[in-house]
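Since the structure comes first, as structure tokens, the remarks are kept for the end.
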Amino acid sequence: MRVALDELLTAENKRYSDQRPLSSARASRNSTSGFTGGVPLHWMRDWPQPFPMVIDTARGNRLRDIDGNELVDFCLGDTGAMFGHAPAPVMQALRRQEDRGLTYMLPSADVERVGELLFERFGLPCWQMAVTASDANRFALRAARAATGRKRILVFDGCYHGTVEDTLVDLVDGRTVARRSLVGQVQDPSQTTVMIAFNDRAALESELSKNDIACIIAEPVMTNCGMILPQPGFWDFLRQATRKVGTLLLLDETHTISTGPGGYGRAYHLEPDLLVLGKPVAGGVPAAVWGMTQAVNNRLFAARPESEHGHSGIGTTLAGSAMQLACVRATLEDLMTPENYEKMLSGAKRLEAGIEDFIAKHGLAWHTARVGARLEVVFSPSPVINAAEARAASDSTLERFLHVALLNRGFLLTPFHNMMLVGPDTTEADTTAFLAAFGNVLNLLPLEAE
Ligand code: PMP
Numbered sequence: 003m004r005v006a007l008d009e010l011l012t013a014e015n016k017r018y019s020d021q022r023p024l025s026s027a028r029a030s031r032n033s034t035s036g037f038t039g040g041v042p043l044h045w046m047r048d049w050p051q052p053f054p055m056v057i058d059t060a061r062g063n064r065l066r067d068i069d070g071n072e073l074v075d076f077c078l079g080d081t082g083a084m085f086g087h088a089p090a091p092v093m094q095a096l097r098r099q100e101d102r103g104l105t106y107m108l109p110s111a112d113v114e115r116v117g118e119l120l121f122e123r124f125g126l127p128c129w130q131m132a133v134t135a136s137d138a139n140r141f142a143l144r145a146a147r148a149a150t151g152r153k154r155i156l157v158f159d160g161c162y163h164g165t166v167e168d169t170l171v172d173l174v175d176g177r178t179v180a181r182r183s184l185v186g187q188v189q190d191p192s193q194t195t196v197m198i199a200f201n202d203r204a205a206l207e208s209e210l211s212k213n214d215i216a217c218i219i220a221e222p223v224m225t226n227c228g229m230i231l232p233q234p235g236f237w238d239f240l241r242q243a244t245r246k247v248g249t250l251l252l253l254d255e256t257h258t259i260s261t262g263p264g265g266y267g268r269a270y271h272l273e274p275d276l277l278v279l280g281k282p283v284a285g286g287v288p289a290a291v292w293g294m295t296q297a298v299n300n301r302l303f304a305a306r307p308e309s310e311h312g313h314s315g316i317g318t319t320l321a322g323s324a325m326q327l328a329c330v331r332a333t334l335e336d337l338m339t340p341e342n343y344e345k346m347l348s349g350a351k352r353l354e355a356g357i358e359d360f361i362a363k364h365g366l367a368w369h370t371a372r373v374g375a376r377l378e379v380v381f382s383p384s385p386v387i388n389a390a391e392a393r394a395a396s397d398s399t400l401e402r403f404l405h406v407a408l409l410n411r412g413f414l415l416t417p418f419h420n421m422m423l424v425g426p427d428t429t430e431a432d433t434t435a436f437l438a439a440f441g442n443v444l445n446l447l448p449l450e451a452e
């Protein structure tokens, strides 16, 4: 099976390259100056296809590369463009800023409305802005530590919360160690961060019983190591256990905002003390928001000496700019609407049902995992409950093959574990066409029913 799969992948890679002479020429230009490797961000080289296609235009859920290949986009900028590329309300908001300016380190007139909307959506009263989800997580963690006067934080194996050093650890033989892929790291984050497996109640209880954890930072459904759903009752258990010992809960909803307009936490009543939302919150314009309960906010401000406001370690110059506020407002008012979520969720359910049919037809030991508009195919017969199981279920050659083969048939999935995100512009015709392509690609595979 492996030899055949390698050969199929080679053939798909060739087809990809043949269709893209212009992107290929750019990728092979051996420039000694300019962007390293020809990309402005090193992740752009990490896609499964032989080289990245250079994008010419993007609108709604369509991308066109400089070689004229059109793609139906299920990656949507890895969630940054979850509500579509260049969405009309955000583009109008940007145009309105033409005579209002982009940034002045003073609030713009949108501030009050955006604050109200965030409170209505997420149920937390106190908010601040950042430029990226990484920064928002960093600031929210600092707030949690200041508010509790504790140093240690707890994270789950397989997590990713951006470039926040404190969260970049691995779980190796039951021990927390600095993430082995980190470069240039000086402080050892494992001194103040403990990592346990998701859904592991005993480990959670044991760590919390030390009474020294400021905060748990977590995605309500883990999305960065495959997709790992919480087991029934896990969040209730965690919430009760954390409240008992004064540990705060920081929910990172950057990806799970795919659930609905108030994120997973609102839909499932998780009642976080702090919440972070980045990526799509301004429709693709760089912005993130983080919120707190009144109690956390009061404790944070009590802990902060007034004289040293400027150097609290929270905030950056462009955070909360007029441009961000205008785009967050447009996104909350006109894109993160119940109607749009209804379209997204029904599209994702259609995709899931169609893929499940193929899995059943071929007798494959696979399943789909979904959180709202976001879904993945997992190469295991039943849901994985932690990162160790998710890693065991992953198959990088098969993932690569599916990715490139679907790309060659006009469908773009995320570079990481082939996640699919359904946006408001994804039509029924798009999901039908995707399923036909998925079926054709499965037919190529030398699959043995398991
Ligand atoms: N939180 C989560 C859950 C993420 O998946 C990511 C990025 N994939 C981030 C935070 C960081 O986002 P950014 O890179 O935009 O700072």
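Going by our numbering, the sequence shown wraps up at 452, each residue one higher than the last. Glycine included, C-beta positions come from ideal geometry on N, C-alpha and C.
Taking a C-beta distance under 8 Å as the contact criterion, Arg31 and Asn71 do not qualify as a contact pair.
Annotation for Met294: the continuous beta strand (DSSP E) segment containing it runs Ala290 to Met294.
Taken atom to atom, the span from the alpha-carbon of Leu251 to that of Gly125 is near 14 Å. Taking non-hydrogen atoms of the ligand PMP into account, the C-beta of Thr134 is found less than 7 Å away from one of them.
Here Trp45 is exposed: its Cβ has fewer than 16 other Cβ atoms, across all protein chains shown, within 10 Å.
For the set Val188, Gly285, Ala297 and Leu206, the Cα lying nearest the Cα of Phe236 is the one of Leu206. The beta strand (DSSP E) runs lying completely inside the region 174-246 and spanning 3 residues or more are 177-180, 195-198 and 215-220, given in chain order. Beta-carbon to beta-carbon, Arg115 and Arg331 are separated by about 6 Å, close enough to satisfy the 8 Å threshold.
In the DSSP assignment, Cys77 falls outside any beta strand (DSSP E) and carries neither an H nor an E. In chain order, Ala328, Cys329 and Ala332 place their CB closer than 6 Å to the CB of Ala95, counting only its own chain and leaving out the 5 sequence neighbours on each side. If you check the CB distance, Leu120 and Gly293 come in under 8 Å. In the three-state DSSP reduction, His257 falls in the coil class, being neither helix nor strand. Taking 7 Å as the cut-off, the C-beta of Gly267 does not count as close to any heavy atom of the ligand PMP.
Taking the C-beta atoms as reference points, Pro426 is found nearer than 8 Å to Met346. Relative to the ligand PMP, the beta carbon of Asn139 is positioned inside 7 Å of a heavy atom. Taking the Cα of Gly280 as reference, the smallest distance to any Cα among Thr38, Phe37 and Gly82 is reached at Gly82.
In terms of Cα proximity to Glu430, the closest of Arg144, Ala180, Glu354 and Val179 is Glu354. His271 counts as exposed, since fewer than 16 other C-beta atoms from the protein chains shown sit within 10 angstroms of its C-beta. Taking the Cβ of Asn226 as the reference point, at least one heavy atom of the ligand PMP falls within a distance shorter than 7 Å. Considering only Phe303, Leu334, Leu231 and Thr428, the residue with the shortest C-alpha distance to Ser384 is Leu231. In the DSSP assignment, the residues bridged to Val278 are Asp254 and Trp292.
Short note on Lys281: C-beta closer than 7 Å to some heavy atom of the ligand PMP.
Under the three-state reduction of DSSP output, Glu273 falls in the coil class, being neither helix nor strand. For Leu65, the CB contacts under 6 Å within the same chain, skipping 5 residues up- and downstream, are Ile57, Leu73 and Asp75 in chain order.
DSSP places Phe158 in the uninterrupted beta strand (DSSP E) bounded by Arg154 to Phe158. Apart from the 5 residues on each side of it in sequence, Arg301 sits with its Cβ closer than 8 Å to the Cβ of Ala148, Ala149 and Thr150 in its chain, given in chain order.
Taken from the Cβ of Tyr162, at least one heavy atom of the ligand PMP lies inside 7 Å. The three-state secondary structure of Cys161, taken from DSSP, is coil.
Counting the other Cβ atoms within 10 Å of the Cβ of Gly312 gives fewer than 16, which makes it exposed.
Counting only residues of its own chain and dropping the five nearest sequence neighbours on each side, Ala371 has a CB closer than 6 Å to the CB of Met229, Glu378 and Val380.
Boundaries of the beta strand (DSSP E) harbouring Arg66: Arg64 to Asp67, taken from the DSSP string. The DSSP-derived three-state label of Arg17 is helix. According to DSSP, Trp129 shares a beta bridge with Gly293.
Per DSSP, Arg372 is one residue of the beta strand (DSSP E) stretching across His369 to Val373.
Per the Cβ contact rule, the region 177-191 is not in contact with the region 199-215 (fewer than 3 Cβ pairs under 8 Å). Remark: fewer than three beta-carbon pairs, one from each stretch, lie closer than 8 Å, so the region 123-138 and the region 153-162 are not flagged as touching.
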